[in-house]
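Single-structure report; data block below.
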Amino acid sequence: MTTPEVSGKGPLFFETLNVRQEGAVLFVEISAPPMNLLGPALVRDLVSLIQLTEANDAYQVLVFKSADPDYFISHVDVTRIRENRDAAAKLNGDASIGQLLRHLSLSRLITIAQIEGRVRGVGSEFILACDIRFAARESAIFGQFEAAFGVIPGAGGAQHLVRLMGRARALEVMLSAEDYDADLAERYGWINRALPANTLDHFVGSLAHRIARFPAAGHAVVKQRVNAIALAPAEDIRRDSDLFLEGTQSAEFQERTQAAMKRGFQTRSAEMNLARMVGDLDKHSTNQADHDA
Amino acid sequence: MTTPEVSGKGPLFFETLNVRQEGAVLFVEISAPPMNLLGPALVRDLVSLIQLTEANDAYQVLVFKSADPDYFISHVDVTRIRENRDAAAKLNGDASIGQLLRHLSLSRLITIAQIEGRVRGVGSEFILACDIRFAARESAIFGQFEAAFGVIPGAGGAQHLVRLMGRARALEVMLSAEDYDADLAERYGWINRALPANTLDHFVGSLAHRIARFPAAGHAVVKQRVNAIALAPAEDIRRDSDLFLEGTQSAEFQERTQAAMKRGFQTRSAEMNLARMVGDLDKHSTNQADHDA
Amino acid sequence: MTTPEVSGKGPLFFETLNVRQEGAVLFVEISAPPMNLLGPALVRDLVSLIQLTEANDAYQVLVFKSADPDYFISHVDVTRIRENRDAAAKLNGDASIGQLLRHLSLSRLITIAQIEGRVRGVGSEFILACDIRFAARESAIFGQFEAAFGVIPGAGGAQHLVRLMGRARALEVMLSAEDYDADLAERYGWINRALPANTLDHFVGSLAHRIARFPAAGHAVVKQRVNAIALAPAEDIRRDSDLFLEGTQSAEFQERTQAAMKRGFQTRSAEMNLARMVGDLDKHSTNQADHDA
């Protein structure tokens with residue numbers, strides 16, 4: 602991808618994002634090796650991206666995709682939670698990723714997530730904050746697994762999931778901390794649709810350009826009215842964020858995180874099957890035979 | 602269809618509706634040639650129909666269908682928006698189609714939409730205001746395409762869609778202004794179910810009679826409790842109606858409408874593929890090659 | 602099933618429930634012959650079960666299943682409605698099954714319904730109050746049929762259904778009083794998923810143990826935040842309960858119930874096809890030929 606020269610505004614440069622402009626559509630590829638963890642560099646880049654594109658009417662639609670075929674956004678870097686919050690505060694003064702994502706949902710920009718690979722934890726919350734999301738049937742994997750560590754999703758996951766899929770499916774997704782493939786994610790309403798991987802690029806690109814050709818006034822009024830009904834209030838996002846932060850300070854969270862680290866948490870290969878790993882962290886399991894079966 | 606003699610109340614005559622009574626079920630066929638646009642005659646007839654049937658306990662269930670196999674209700678006649686509002690005001694004093702439709706949702710009457718052909722714009726809003734809706738898998742096509750002209754749906758479409766399918770799918774449907782077939786409409790929750798066209802008549806007829814045999818007291822209390830949870834407040838319907846009207850007065854709306862008229866907007870043949878037409882209205886497209894591909 | 606000795610707390614004995622403990626998971630089998638009607642004995646046992654298991658941290662997850670392959674919970678015993686309410690009042694002082702079920706939804710315990718056979722009326726409301734629910738594709742049958750008797754579901758059914766499946770599908774389910782198989786129940790969001798019967802035991806057991814291995818603090822905060830969004834307020838549950846009770850005192854309800862009793866209502870064999878029976882109660886049907894077709 603080449604970095605575009607935006608007319609009269611200078612080029613967009615980011616450490617963790619590759620951007621390519623086509624008309625009023627900006628394609629944004631997330632590239633934070635080795636596995637697209639959400640750390641301070643990616644948060645800073647997202648803040649800058651939002652500020653620069655919102656301020657320039659040349660942009661109408663942002664399409665988010667990943668440079669890593671296995672990981673879209675893997676999850677938060679658990680060693681950088683505080684730094685992430687400080688970096689997020691640059692956008693609105695609100696030190697929470699949840700508020701950063703809520704800003705994106707409220708933006709005049711239309712955001713589309715094109716999902717290949719794993720999208721878990723704050724990765725799931727990122728795509729849930731986008732306006733529209735399509736996933737590759739063969740490769741996309743979804744998880745909202747914070748409860749495996751004894752905490753709630755920190756950036757709005759619970760708020761979005763329950764509104765999209767209802768109480769029972771949202772509870773299942775969060776309490777099970779399981780991986781969900783794209784077809785099941787579609788049936789549950791987590792994503793708009795699962796599509797064959799080889800059609801995804803063309804489908805999303807065409808849709809993005811189609812939307813970009815329609816009047817910006819329509820985008821704005823539609824989003825405003827939809828958000829008034831379906832977007833969680835700021836205080837609920839803040840409350841979830843506080844509860845998450847509180848939970849991460851518990852001994853139980855620390856112990857589970859350390860146990861996970863010993864099994865390769867936050868490494869590419871071990872997280873290919875994260876659902877199995879987090880199901881195995883409790884050494885005092887009362888029924889080891891059963892869950893190993 | 603014959604016009605029934607309602608016991609002691611005189612026959613029901615309408616300009617744009619063919620009605621047939623079977624017990625407590627009234628089958629109402631929309632017939633406003635050449636393509637079932639919503640204009641003042643159809644609005645006047647809907648107002649009369651609602652008033653007459655609500656006032657007569659002989660009626661429990663209304664089934665709406667279309668006399669035109671290609672168009673259920675195509676959309677509003679954009680040249681008659683003011684007249685439509687004035688005609689709608691005869692029902693409650695509220696000059697908006699959205700309030701007319703909300704009245705139908707609140708009615709003691711049970712309404713079932715049996716959908717064949719295209720149902721777009723206010724047509725979609727009409728079926729969304731019905732209590733229950735089934736569509737022919739082979740022929741039904743759904744569109745909520747107002748954003749292609751820079752405006753919000755004017756009669757409650759945004760309110761219904763976001764509550765039925767969640768934020769992301771509702772945004773996709775409205776921002777894309779695309780056509781959706783019956784199977785996808787079912788997956789998104791736009792309709793109750795898509796059924797084979799050759800079973801639809803029997804299925805809907807049987808259901809209507811089944812419901813009509815149950816006590817009216819049950820109908821009333823179930824609708825009252827469901828509406829208390831799921832029906833948009835009157836002020837939100839009014840607000841959407843005002844925003845729509847405001848939008849239609851913009852230069853951009855006028856230009857897009859004129860461009861559409863040149864391409865056959867509001868004619869049968871051109872609207873067979875309306876989604877493509879509205880995707881093509883912007884002559885200044887930044888990526889003509891892409892969307893023509 | 603054997604009755605477990607709970608460490609230091611004595612065994613759990615119930616008249617209508619068989620329980621089996623595996624680690625922090627309690628499997629609870631409903632066994633109220635001849636057809637698992639909800640009567641005072643089952644209500645008393647549910648109250649005791651909830652009190653005993655909530656008070657003992659050894660329990661994290663309850664799995665509800667049925668000892669009867671044809672009936673999970675058939676529906677309320679209509680001859681014992683008052684007694685049921687009195688028995689339910691033992692839990693919170695609130696004399697309604699709806700409040701008993703709401704207590705379960707608010708509990709720190711995670712509840713999973715494993716559904717085989719028929720689950721209608723208050724049976725449907727019971728599984729809707731559970732946190733998560735899976736059903737056997739081959740045998741599970743769902744019905745929320747109170748409107749056939751002119752009343753609203755009395756224990757929260759309307760509240761849950763409309764939030765899970767939206768206005769039109771919830772109205773269809775209640776107004777039609779029809780039976781729904783597991784696949785359609787999944788498509789409508791009534792249950793999390795329909796699964797092959799021969800995999801259900803293993804799937805639900807594994808999930809229950811998996812959740813039980815995760816920290817209780819996570820269960821609690823996730824349920825608390827989800828319930829804040831998706832659980833009906835107590836006053837709405839009470840209101841539905843009052844409207845139901847009022848309705849059951851009408852002459853129409855009494856007549857329909859007597860007509861149903863003559864056709865075998867509340868007997869195993871006749872209720873195998875309850876949907877057909879309740880569709881036939883109105884002797885004055887205006888279109889007998891049609892619904893017999």
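Protein sequences, first through last, are from chains Z, D and L.
Quick note: to get our numbering, add 601 to the position in the first sequence (first position is 1).
Quick note: to get our numbering, add 601 to the position in the second sequence (first position is 1).
Quick note: to get our numbering, add 601 to the position in the third sequence (first position is 1).
Every residue gets a Cβ at the ideal spot worked out from N, C-alpha and C, and that includes glycine.
Put residue i into one of helix, strand or coil per three-state DSSP.
{"i": "Asn793(D)", "result": "coil"}
{"i": "Leu643(L)", "result": "helix"}
{"i": "Ile753(L)", "result": "coil"}
{"i": "Gln622(D)", "result": "strand"}
{"i": "Asp837(D)", "result": "helix"}
{"i": "Arg877(Z)", "result": "helix"}
{"i": "Arg681(D)", "result": "coil"}
{"i": "Gln652(L)", "result": "helix"}
{"i": "Ala867(Z)", "result": "It should be pointed out that residue 867(Z) corresponds to Gln in this sequence rather than to Ala. DSSP places Gln867(Z) in coil when its eight states are reduced to three."}
{"i": "Phe673(L)", "result": "strand"}
{"i": "Asp883(D)", "result": "coil"}
{"i": "Phe614(Z)", "result": "coil"}
{"i": "Glu872(D)", "result": "helix"}
{"i": "Asp843(D)", "result": "helix"}
{"i": "Leu638(D)", "result": "coil"}
{"i": "Gln850(L)", "result": "coil"}
{"i": "Thr603(L)", "result": "With a pLDDT of only 46 at Thr603(L), under the threshold of 50, the placement of this residue in the model should not be trusted, and no figure is reported."}
{"i": "Asp687(L)", "result": "helix"}
{"i": "Asp802(Z)", "result": "helix"}
{"i": "Asp780(L)", "result": "coil"}
{"i": "Glu630(D)", "result": "strand"}
How would you list, in chain order, the residues of chain Z whose beta-carbon sits under 8 Å from the beta-carbon of residue i?
{"i": "Asn793(L)", "result": "Ala769, Arg770 and Glu773"}
{"i": "Asp883(D)", "result": "Arg814 and Phe815"}
{"i": "Glu726(D)", "result": "Chain Z residues near Glu726(D): none, gap ~14 Å exceeds 8 Å."}
On the DSSP letters alone, give me the boundaries of the alpha helix (DSSP H) that residue i sits inside.
{"i": "Ser708(Z)", "result": "Segment: none, Ser708(Z) is in no alpha helix (DSSP H) and carries neither H nor E."}
{"i": "Val662(D)", "result": "That residue, Val662(D), is in no alpha helix (DSSP H); its beta strand (DSSP E) goes Val662 to Ser667."}
{"i": "Gly819(D)", "result": "Ala817 to Ala831"}
{"i": "Phe727(Z)", "result": "Val723 to Ala730"}
{"i": "Gln760(Z)", "result": "Gly758 to Ser777"}
Kindly list the residues whose CB is nearer than 6 Å to the CB of residue i, restricted to its own chain and excluding five residues on each side of it in sequence; keep chain order.
{"i": "Asp551(L)", "result": "Nothing about residue 551(L) can be reported from this structure: the residues present for chain L run from 602 to 894 only."}
{"i": "Phe615(D)", "result": "Asp646"}
{"i": "Glu853(L)", "result": "Gly751"}
{"i": "Lys824(D)", "result": "none"}
Can you pull the chain D neighbours of residue i, defined as C-beta to C-beta under 8 Å?
{"i": "Leu705(Z)", "result": "Going along chain D, no residue has its Cβ under 8 Å from Leu705(Z), so there is no contact; the nearest lies around 13 Å."}
Given that residue i touches chain L, what residues does it touch there, using C-beta distances under 9 Å?
{"i": "Glu787(Z)", "result": "Chain L residues near Glu787(Z): none, gap ~12 Å exceeds 9 Å."}
{"i": "Arg764(Z)", "result": "Ile830 and Ala831"}
What span of residues does the beta strand (DSSP E) with residue i cover, start to end?
{"i": "Arg734(L)", "result": "Ile733 to Ala737"}
{"i": "Leu744(D)", "result": "One point to set straight first is that residue 744(D) is Gly, not Leu, in the sequence displayed. Here the beta strand (DSSP E) through Gly744(D) covers Ile742 to Gly744."}
Please return the same chain residues whose Cβ sits closer than 8 Å to the Cβ of residue i, not counting the five positions on each side in sequence.
{"i": "Phe804(D)", "result": "Phe735 and Leu796"}
{"i": "Ile717(D)", "result": "According to the sequence shown, residue 717(D) is Glu rather than Ile. Lys666, Ser667, Pro670, Phe673, Ala736, Ala737, Ser740, Ala741, Ala798 and Leu801."}
{"i": "Arg703(Z)", "result": "Ala730, Gly757, Leu832, Ala833, Ala835 and Ile838"}
For residue i, which residues from the same chain have a beta carbon less than 7 Å from its beta carbon, with the 5 sequence-adjacent residues on both sides left out?
{"i": "Ile674(D)", "result": "Ile631, Asn637, Leu639, Val720, Val723, Gly724 and Phe727"}
{"i": "Ala813(L)", "result": "Gly624, Ala625, Val626, Gln661 and Val662"}
{"i": "Val763(D)", "result": "Ala771"}
{"i": "Ser851(L)", "result": "Gly751"}
{"i": "Glu787(D)", "result": "Arg794 and Ala795"}
Starting from residue i, find everything on chain Z with Cβ-Cβ shorter than 7 Å and list it in chain order.
{"i": "Gly790(L)", "result": "Gly767"}
Who are the neighbours of residue i on chain D, taking C-beta pairs under 9 Å?
{"i": "Gln760(L)", "result": "Arg826 and Ile830"}
Whose Cβ in chain L lies nearer than 8 Å to the Cβ of residue i?
{"i": "Glu895(Z)", "result": "No statement about residue 895(Z) is possible, as the shown extent of chain Z runs from 602 to 894 and does not include it."}
Can you give me, in chain order, the residues of the segment 809–843 of chain Z that have a beta carbon less than 9 Å from any beta carbon in chain D?
His810, Arg811, Ile812, Ala813, Arg814, Phe815, Pro816, Ala817, Ala818, Gly819, His820, Val822, Val823, Lys824, Gln825, Arg826, Val827, Asn828, Ala829, Ile830, Ala831 and Leu832
Compile a chain-ordered list of the residues in the segment 621–636 of chain L whose CB is closer than 7 Å to at least one CB of chain Z.
Glu623, Gly624 and Ala625
Using a Cβ-Cβ cut-off of less than 9 Å, list which residues of the segment 669–684 of chain L approach chain D; keep chain order.
none
Return the residues of the segment 728–757 of chain Z that lie within a Cβ-Cβ distance of less than 7 Å from chain D, sorted by chain order.
Asp732, Ile733 and Arg734
Can you pull out the residues from the segment 698–722 of chain Z whose beta carbon lies closer than 7 Å to at least one beta carbon of chain D?
Residues Ile711.
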